[in-house]
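Only one structure is covered here, and it is reproduced in the block below.
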Amino acid sequence: MSLTTDASRTASRAGKSGSGKTGSGNSRAGKAPAGVTLAPRRGTRARRERIFQWLFLVPAVIYMALFFGYPVVKNLVMSFQDYTTATFFTGEAPWVGLANYVTVLSSSLFSTSLLNTALFTLGSILGQFVIGLALAVFFQRKFPLNGILRSLLLLPWLLPLIVSSAVWRWILDKDSGALNRFLGELGVIHTGVPWLTSTSLALIAVVGVNIWIGIPFNLTILYGGLQEIPDELYEAGSLDGATGWKAFRHITWPMLRPVVSVVLVLGVVYTLKVLDIILGLTNGGPANSTQTIATQSYELSFHEFKFGEGAALGNVLVIISLVFAVLYLRASRRAVDE
Amino acid sequence: MTTTKITARRSAPASAPRAGANVPSRKHWGYTALAILFLAVMLFPVYWMVNASLQPNGTTLETSWIPLTPDFTGYATAISEQAGNLGTSLIISLGSVVLSLAIAAPAAYALAYFKVRGAGVVLFAILISQMIPGIVVANALYTAYNDLGLLNSIPGLILADSAHGIPFAILIIRAFMNGMPASVIEAARVDGAGHIRAFCSIVIPLSRNSLITAGLFTFLFAWSDFLFALTLTTTEAVRPVTLGIFQYIGAYVSDWSSVMATAVLASIPAIVLLVAAQKYIAAGTTGGAVK
Numbered sequence: 001m002s003l004t005t006d007a008s009r010t011a012s013r014a015g016k017s018g019s020g021k022t023g024s025g026n027s028r029a030g031k032a033p034a035g036v037t038l039a040p041r042r043g044t045r046a047r048r049e050r051i052f053q054w055l056f057l058v059p060a061v062i063y064m065a066l067f068f069g070y071p072v073v074k075n076l077v078m079s080f081q082d083y084t085t086a087t088f089f090t091g092e093a094p095w096v097g098l099a100n101y102v103t104v105l106s107s108s109l110f111s112t113s114l115l116n117t118a119l120f121t122l123g124s125i126l127g128q129f130v131i132g133l134a135l136a137v138f139f140q141r142k143f144p145l146n147g148i149l150r151s152l153l154l155l156p157w158l159l160p161l162i163v164s165s166a167v168w169r170w171i172l173d174k175d176s177g178a179l180n181r182f183l184g185e186l187g188v189i190h191t192g193v194p195w196l197t198s199t200s201l202a203l204i205a206v207v208g209v210n211i212w213i214g215i216p217f218n219l220t221i222l223y224g225g226l227q228e229i230p231d232e233l234y235e236a237g238s239l240d241g242a243t244g245w246k247a248f249r250h251i252t253w254p255m256l257r258p259v260v261s262v263v264l265v266l267g268v269v270y271t272l273k274v275l276d277i278i279l280g281l282t283n284g285g286p287a288n289s290t291q292t293i294a295t296q297s298y299e300l301s302f303h304e305f306k307f308g309e310g311a312a313l314g315n316v317l318v319i320i321s322l323v324f325a326v327l328y329l330r331a332s333r334r335a336v337d338e
Numbered sequence: 339m340t341t342t343k344i345t346a347r348r349s350a351p352a353s354a355p356r357a358g359a360n361v362p363s364r365k366h367w368g369y370t371a372l373a374i375l376f377l378a379v380m381l382f383p384v385y386w387m388v389n390a391s392l393q394p395n396g397t398t399l400e401t402s403w404i405p406l407t408p409d410f411t412g413y414a415t416a417i418s419e420q421a422g423n424l425g426t427s428l429i430i431s432l433g434s435v436v437l438s439l440a441i442a443a444p445a446a447y448a449l450a451y452f453k454v455r456g457a458g459v460v461l462f463a464i465l466i467s468q469m470i471p472g473i474v475v476a477n478a479l480y481t482a483y484n485d486l487g488l489l490n491s492i493p494g495l496i497l498a499d500s501a502h503g504i505p506f507a508i509l510i511i512r513a514f515m516n517g518m519p520a521s522v523i524e525a526a527r528v529d530g531a532g533h534i535r536a537f538c539s540i541v542i543p544l545s546r547n548s549l550i551t552a553g554l555f556t557f558l559f560a561w562s563d564f565l566f567a568l569t570l571t572t573t574e575a576v577r578p579v580t581l582g583i584f585q586y587i588g589a590y591v592s593d594w595s596s597v598m599a600t601a602v603l604a605s606i607p608a609i610v611l612l613v614a615a616q617k618y619i620a621a622g623t624t625g626g627a628v629k
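Laid out in C-alpha cells, this is it:
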C-alpha cells in the first residue's frame, strides 16, 4: 500500500519541477483535434468519457510507478537503513541515519571511483562525439553506397554490450590478442601490452571500447542534425567565401548547437550508469583501477551484501545524473524552441 | 516529426537527377572507398568474433587472421552448453515485447490523441526515468523480488527487462500517432464504434510500422539485458545467454572459440534486425533519441 502513495508523491513532485515542459507539451496537444469534443453533451457523460480515456494510460502509469518510482523511493529508504543479508531472514532493517553515506563517502575507494567515473565519462563522450561528428560530416557527401555503409556502422551499437565486452577481452588479450599481434607485426611493440591487466592502462582500454560502442549513436543523431541545415545557407556562405573549415565554423556549428547539446547530455547520462562494459572487461579491476560509482554500488550490494551502502552510493549517482537531467531538459527545450 | 523530415531528405539525393549517385565519378567512388575503410575498422571486432569462433578448440596461441579451415567445434560446444540459455533469452525477449507493446500502445494513444489531463507529467516522468541508473532499480527490485518470490523466474525477468523497452516504445509510438489523421478515428466513433473497437480496428492497424519498430527495439533491449539477469537470478534455474557469456569470461578463458561462438549466436538478433529491418531501425535510432 505504502508503495503506491510513495510513488505518486514522486510523480507529483516531478510534475511541479517540470511545469515549463508540461506547458509546451499541452500547447502542441491542443492543436490536435481530440475525441473529447464528441462527448460532452452531459456532465456525467463527459466524466465517464474522461475516465475511459484515462484507462488507456493506467497500465503504463502503474508500470512506471512500480519499476521506476518504487525503486527510487525504496533506494532512498534503504540508504538510511542497515540493510544486509540478515534483513532477508529477520525482516529487520534498523534505521541508521546518515551512517551509510558517511561510510561510503569517507571510504578511500570513493575518491577513486569518483575520479574514474569522471575520467570514464569525459573520455568516452569526447571520443564518441569527435569521431561521430567527423564521420557525420564525412557522410554528408554524396557517394555511391552511402546509405548502406552508414547503416552498417550501427552494428556495434546494436550488439549486446556483454558480447562486445567478450570480443574486446579477446582482442585486448596480452599474449594472443589481435591488437598486440597487429602492433607486434608492425614492429611498434616487442612484448605484449597488458591492456586490461595493468592499473595504468585498463581505464584507457575501457574508455576506448566504450568509444567504439558510442560512435554509431553519435554519428546517427549528428547526421540527422546536419541534414536539417538548409543547403541555401551553404550556397549563400560560399558567395561570401565561407567554404571548408570556415563554413563548418560559421554555418554548421552554430546551426548544429541544439542537437549537439542534446547528444552530449544524453551521452553523459547514459555513460554515468554504464555497468555491463566495465564488469565484462575488467570487473572493476585490476586493483580498482576501473572501479566507477556504478560498479562500486553493484559490488557493495551484490557481493558484500551491504544493500544500505550500495543504495547510498546509487543515490549519489542519481544526484549526479539529475544535475545533467536538468541540463538535458533545458537543452531539449531550446532545441524545440529553435 | 524529425524522423519524417530526415527520411524524406535522405531519399531526396537518390531521386534528384543531378545527384552524384547516378553519375558516379572517380571522386565519388574515392569517398566510397574511404567509407569502406572506416567501416572495416569499425567492424573489425565483429569480424574477429566470427573468425575466432571458427578456429579449432584450444589453440589460443596463434589465431590465424582468416579462417581458412573453418572448424565448428566451438559452435558444437556453445550449443551444447548454451542452447538452454539462448532459449531462456528468447522466451524472455518475446514476453517483454508482448508486455511492452500491450502497455505502451494504449498509453501512446492516450498521450497522442486524447487530451488526457496529466499527459505532460507522464511524458516528463518517462524522460526522468531514463536518468535512473539500472543499478538503483536492480538494488530495490532485488529486495522486492525476494519477498515476492520473483527471483530466478522468467516472469520476473520479463517484467524487469521491459523497463528498458516501455519508455522507449511509448515515445516512438506516440511520435507516430501524433501524425495520425484524427478524422479517421472520429469517423469510426461517429459510426458507433466504442473506444476499444476504434483502438483495435483503426488505430492499431494504422500505426503498424511504429509498433514494429518499437517491438524490434524492445526485443533487442531485453535480449541484450545483462544487469537484471545478473542481479535478479541467484541460481542456474533461469539464465539468459548474456549471463552465460559473463560466466565464461568471468574465469580464466582457455577455450576462446566456444566463447566467441556463443557471442556470435547471441549477436544473431542484432545482425538479422540490421539487415532485414533496415528502415525500422533507422526510424528507431533517429526517433527515440531526439524526442
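Quick note, the sequences are listed as chains A and B, same order.
FYI, our numbering numbers position 271 of the first sequence as 271, with every residue one higher than the one before it.
One rule links them: number in our numbering = place in the second sequence (from 1) + 338.
Glycine residues also receive a C-beta, built at the ideal position from the N, C-alpha and C atoms.
Listing by chain order, which chain B residues have their CB less than 9 Å from the CB of residue i?
{"i": "valine 269 of chain A", "result": "Gln468 and Met469"}
{"i": "tryptophan 245 of chain A", "result": "Under the 9 Å cutoff, chain B gives no residues; its nearest Cβ is about 18 Å from tryptophan 245 of chain A."}
{"i": "asparagine 297 of chain A", "result": "According to the sequence displayed, residue 297 of chain A carries serine and not asparagine. Residues of chain B passing the Cβ test: Pro471, Ile473, Val474 and Asn477."}
Hey, residue i and residue j are a contact pair by Cβ (cut 8 Å); roughly how many whole angstroms apart?
{"i": "leucine 155 of chain A", "j": "leucine 612 of chain B", "result": "6 Å"}
{"i": "isoleucine 162 of chain A", "j": "isoleucine 583 of chain B", "result": "5 Å"}
{"i": "leucine 439 of chain B", "j": "alanine 507 of chain B", "result": "7 Å"}
{"i": "isoleucine 277 of chain A", "j": "threonine 292 of chain A", "result": "With a Cβ gap of about 10 Å, isoleucine 277 of chain A and threonine 292 of chain A do not count as contacting."}
Quick check: the Cα distance between residue i and residue j, rounded to an integer number of angstroms?
{"i": "valine 206 of chain A", "j": "lysine 142 of chain A", "result": "35 Å"}
{"i": "leucine 38 of chain A", "j": "valine 579 of chain B", "result": "Unreliable placement is indicated for leucine 38 of chain A, whose pLDDT of 48 sits below 50; no coordinate value is reported for it."}
{"i": "leucine 497 of chain B", "j": "valine 262 of chain A", "result": "30 Å"}
{"i": "leucine 115 of chain A", "j": "glutamine 296 of chain A", "result": "13 Å"}
{"i": "tryptophan 272 of chain A", "j": "alanine 294 of chain A", "result": "A small fix is needed here, since residue 272 of chain A is leucine in this sequence, not tryptophan. Cα to Cα, the separation comes out at about 8 Å."}
{"i": "isoleucine 417 of chain B", "j": "serine 605 of chain B", "result": "14 Å"}
{"i": "serine 596 of chain B", "j": "threonine 415 of chain B", "result": "6 Å"}
{"i": "alanine 501 of chain B", "j": "alanine 446 of chain B", "result": "16 Å"}
{"i": "leucine 179 of chain A", "j": "methionine 380 of chain B", "result": "14 Å"}
{"i": "alanine 60 of chain A", "j": "valine 528 of chain B", "result": "28 Å"}
{"i": "phenylalanine 382 of chain B", "j": "valine 209 of chain A", "result": "13 Å"}
{"i": "alanine 390 of chain B", "j": "leucine 603 of chain B", "result": "13 Å"}
{"i": "tyrosine 101 of chain A", "j": "valine 265 of chain A", "result": "27 Å"}
{"i": "leucine 327 of chain A", "j": "phenylalanine 537 of chain B", "result": "37 Å"}
{"i": "serine 106 of chain A", "j": "leucine 329 of chain A", "result": "32 Å"}
{"i": "glycine 69 of chain A", "j": "alanine 99 of chain A", "result": "24 Å"}
{"i": "arginine 512 of chain B", "j": "leucine 558 of chain B", "result": "20 Å"}
{"i": "glycine 280 of chain A", "j": "leucine 581 of chain B", "result": "10 Å"}
{"i": "serine 212 of chain A", "j": "phenylalanine 129 of chain A", "result": "It should be pointed out that residue 212 of chain A corresponds to tryptophan in this sequence rather than to serine. Their backbone Cα atoms lie some 11 Å apart in a straight line."}
{"i": "isoleucine 200 of chain A", "j": "leucine 424 of chain B", "result": "Contrary to the premise, residue 200 of chain A reads as serine rather than isoleucine in this sequence. Their Cα atoms are separated by approximately 37 Å."}
{"i": "alanine 166 of chain A", "j": "methionine 598 of chain B", "result": "8 Å"}
Could you name the residues of chain A that residue i contacts, counting a contact when the two beta carbons are closer than 8 Å?
{"i": "proline 383 of chain B", "result": "Pro156, Ser164, Val167, Trp168, Ile171 and Trp212"}
{"i": "leucine 611 of chain B", "result": "Leu158"}
Cβ closer than 8 Å: which chain B residues qualify as neighbours of residue i?
{"i": "leucine 226 of chain A", "result": "Within chain B, no residue comes near leucine 226 of chain A; the closest Cβ sits about 10 Å away, beyond 8 Å."}
{"i": "methionine 64 of chain A", "result": "Val460, Ala463, Ile464, Ser467, Ile504 and Pro505"}
Quick one, which of the options has its alpha-carbon nearest residue i's?
{"i": "leucine 549 of chain B", "options": "B:Val435, B:Phe410 and B:Met387", "result": "B:Val435"}
{"i": "serine 108 of chain A", "options": "A:Ala287, A:Ile319 and A:Gly308", "result": "A:Ala287"}
{"i": "lysine 617 of chain B", "options": "B:Ala560, B:Leu554, B:Ala599 and B:Ala416", "result": "B:Leu554"}
{"i": "leucine 76 of chain A", "options": "A:Val318, A:Ile204 and A:Thr197", "result": "A:Val318"}
{"i": "tyrosine 270 of chain A", "options": "A:Ile320, A:Ala166 and A:Ser301", "result": "A:Ile320"}
{"i": "tryptophan 386 of chain B", "options": "A:Gln128, A:Ser164, A:Gly127 and A:Thr197", "result": "A:Ser164"}
{"i": "serine 592 of chain B", "options": "A:Asp175, A:Leu222 and A:Gly97", "result": "A:Asp175"}
{"i": "serine 198 of chain A", "options": "A:Leu172, A:Thr252, A:Lys306 and A:Ala86", "result": "A:Leu172"}
{"i": "glycine 97 of chain A", "options": "A:Gly308, A:Leu196 and A:Leu322", "result": "A:Gly308"}
{"i": "threonine 282 of chain A", "options": "A:Asp82, A:Leu152, A:Thr90 and A:Leu203", "result": "A:Leu203"}
{"i": "isoleucine 321 of chain B", "options": "B:Thr600, B:Ala448 and B:Ser402", "result": "Past the edges of chain B, shown from 339 to 629, lies residue 321 of chain B, and the structure says nothing about it."}
{"i": "valine 610 of chain B", "options": "A:Glu92, A:Phe80, A:Leu158 and A:Leu186", "result": "A:Leu158"}
{"i": "glycine 532 of chain B", "options": "A:Trp170, A:Phe52, A:Ile189 and A:Arg47", "result": "A:Phe52"}
{"i": "alanine 525 of chain B", "options": "B:Val541, B:Leu486, B:Ala614 and B:Asn516", "result": "B:Val541"}
{"i": "proline 258 of chain A", "options": "A:Val193, A:Arg249, A:Gly225 and A:Ala247", "result": "A:Gly225"}
Mind pulling the chain B residues with CB within less than 7 Å of residue i?
{"i": "arginine 48 of chain A", "result": "Result: empty, since nearest Cβ-Cβ is about 11 Å, beyond 7 Å."}
{"i": "asparagine 75 of chain A", "result": "Val474, Asn477 and Ala478"}
{"i": "arginine 141 of chain A", "result": "Tyr369"}
{"i": "proline 230 of chain A", "result": "The premise fails here: proline 230 of chain A is roughly 10 Å from chain B at the closest Cβ pair, so nothing lies under 7 Å."}
Residues of chain A with CB under 7 Å from residue i, in chain order?
{"i": "asparagine 484 of chain B", "result": "Phe88"}
{"i": "glutamine 616 of chain B", "result": "Ser151"}
{"i": "phenylalanine 506 of chain B", "result": "Correct list: empty, because the minimum Cβ distance to chain A is about 12 Å."}
{"i": "threonine 401 of chain B", "result": "Ser176"}
What does residue i touch in chain A if you count any residue whose Cβ is under 9 Å from its own?
{"i": "proline 444 of chain B", "result": "Leu55, Phe56, Leu57, Val58, Pro59 and Ala60"}
{"i": "isoleucine 619 of chain B", "result": "Ser151, Leu154 and Leu158"}
**Request:** Evaluate contact between the region 473–482 of chain B and the region 307–317 of chain A, counting only Cβ atoms and requiring at least three cross-stretch pairs below 8 Å.
**Result:** yes
**Prompt:** Should the region 584–601 of chain B be called in touch with the region 450–468 of chain B, which here means at least 3 C-beta pairs below 8 Å?
**Reply:** no
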